[in-house]
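See structure below.
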C-alpha cells in the first residue's frame, strides 16, 4: 500500500491544531517546532493535492 505524503501532511496539520489547544503535547510546547510542523504539513498536503489534480494519465 502506497502512503501519499498528503496523508502525512494532514496528520501534521491536525497534530499542530491539537497542540495549540494543549491536546497531544508531549513535554513542553515549543512555538518554533509547532510552526515548522504546521508549515511542513501544509506544504506536504498541498503539494500532494496539486500533484494529483495535475497528473495526466494518457
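Residue numbers (the numbering used here): 445 to 502.
Here a beta-carbon is modelled for each residue, glycine too, at the ideal position from N, C-alpha and C.
Under 8 Å between C-beta atoms of residue i and residue j
| i | j | result |
| --- | --- | --- |
| residue 426 | residue 484 | With the chain covering only 445 through 502, there is no way to say anything about residue 426. |
| residue 459 | residue 468 | yes |
Close-in-space but distant-in-sequence residues of the same chain around residue i (CB under 7 Å, 5 per side omitted)
| i | result |
| --- | --- |
| residue 492 | 448, 449, 450 and 453 |
| residue 463 | 469, 473 and 478 |
| residue 461 | none |
Exposure label - residue i; buried when at least 16 CB within 10 Å
| i | result |
| --- | --- |
| residue 489 | buried |
Nearest-angstrom Cα separation, counted from residue j out to residue i
| i | j | result |
| --- | --- | --- |
| residue 494 | residue 470 | 32 Å |
| residue 472 | residue 487 | 25 Å |
| residue 497 | residue 465 | 33 Å |
| residue 481 | residue 499 | 27 Å |
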